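Asker: Can you read through this structure? Questions will come right after.
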Amino acid sequence: MFLVTCVTVFGGIMVSAVQAELKAGAAKMDITNRDAAEPPDHLWARALVLSDGETTAVIVTLDVVAIAEIGPIKNDFLPTVRAALKKDLQIDPTRLLVNASHCHGEVCTDVAARTIAVVKQAYEKLEPVRVGWGSGSENRVMENRRLLLKNGKQVDVRHAYSLPADEEVAEIGPVDPEIGVLRLDRLNG
Numbered sequence: 146m147f148l149v150t151c152v153t154v155f156g157g158i159m160v161s162a163v164q165a166e167l168k169a170g171a172a173k174m175d176i177t178n179r180d181a182a183e184p185p186d187h188l189w190a191r192a193l194v195l196s197d198g199e200t201t202a203v204i205v206t207l208d209v210v211a212i213a214e215i216g217p218i219k220n221d222f223l224p225t226v227r228a229a230l231k232k233d234l235q236i237d238p239t240r241l242l243v244n245a246s247h248c249h250g251e252v253c254t255d256v257a258a259r260t261i262a263v264v265k266q267a268y269e270k271l272e273p274v275r276v277g278w279g280s281g282s283e284n285r286v287m288e289n290r291r292l293l294l295k296n297g298k299q300v301d302v303r304h305a306y307s308l309p310a311d312e313e314v315a316e317i318g319p320v321d322p323e324i325g326v327l328r329l330d331r332l333n334g
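For reference, each letter of the sequence shown is one residue, going 146 to 334 in our numbering.
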């Protein structure tokens with residue numbers, strides 16, 4: 146699944162990297178709201194920029210509960226970040242992958258500006274790398290909170306929701322135990 150996701154998101158960048166020099170740059174920036182009643186240790190925005198000289202792609206992870214809709218990050222976040230990266234770095238908006246780690250801490254109000262800044266920092270650090278990838282399996286630390294019912298419906302297991310009777314449950318939803326690993330090594334060690 147990991148390799149399929151990489152190929153889907155980054156198009157030909159991994160394939161063309163075999164023929165061309167792949168560059169990578171990484172950076173992180175604190176996005177914690179220090180004015181919050183109980184600020185956590187740190188919430189981070191992290192960026193990984195990959196470029197083969199022709200195509201540039203970005204992976205951003207944010208320590209937030211969600212992007213838009215239910216979280217503190219508003220619906221204009223992604224359009225704002227994509228437009229800035231297109232304008233300032235000529236990065237195709239379709240080459241941006243953003244992941245929310247599902248942390249419940251409170252982020253700063255300028256999280257979009259900091260996300261743009263951390264991508265720019267990672268972009269400035271682009272350097273040639275060697276690529277390796279692999280996968281492992283771990284099925285002890287995750288669960289699917291979706292119950293598949295005998296009547297064909299699905300129910301999410303949440304503390305706020307009432308649960309169906311055991312005899313109504315057909316099975317628990319599946320989990321994917323595969324953990325993909327992308328390794329990038331500097332050429333100079």
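Ideal Cβ placement from N, Cα and C applies to all residues, glycine included. Quick caveat, the model's predicted, so the values are computed rather than measured.
Could you tell me the boundaries of the beta strand (DSSP E) in which V276 lies?
Answerer: Where V276 is concerned, the enclosing beta strand (DSSP E) stretches over E272 to S282.
Asker: In this structure, how does DSSP classify K231 when only helix, strand and coil are distinguished?
Answerer: DSSP places K231 in helix when its eight states are reduced to three.
Asker: Is it buried or exposed for T260, if we count other Cβ within 10 angstroms and need 16 for buried?
Answerer: Label assigned to T260: buried.
Asker: Alpha carbon to alpha carbon, how far is L329 from V276?
Answerer: Spanning the two alpha carbons is a distance of roughly 5 Å.
Asker: Give me the residue from N289, I176 and Q266 with the minimum Cα distance to D255.
Answerer: Comparing Cα-Cα distances from D255 to each of N289, I176 and Q266, the minimum goes to I176.
Asker: Using a Cβ-Cβ cutoff of less than 6 Å, which residues in the same chain neighbour I204 once the five nearest sequence positions on both sides are dropped?
Answerer: Answer for I204: L193 and L242, listed in chain order.
Asker: May I ask you to list the residues that DSSP assigns as paired with R191?
Answerer: Bridge partners of R191: K173 and T206.
Asker: Starting from A315 and walking both ways along the beta strand (DSSP E), at which residues does that stretch end?
Answerer: V314 to I317 is the span of the beta strand (DSSP E), which, as asked, contains A315.
Asker: What is the residue span of the beta strand (DSSP E) that E323 lies within?
Answerer: Per DSSP, E323 belongs to the beta strand (DSSP E) from E323 to R331.
Asker: Quick one: grab the DSSP three-state call for D255.
Answerer: Three-state result, D255: coil.
Asker: Assuming G170 and E269 form a contact by the criterion Cβ under 8 Å, report the distance between their Cβ atoms to the nearest whole angstrom.
Answerer: Right, their Cβ atoms sit about 7 Å apart.
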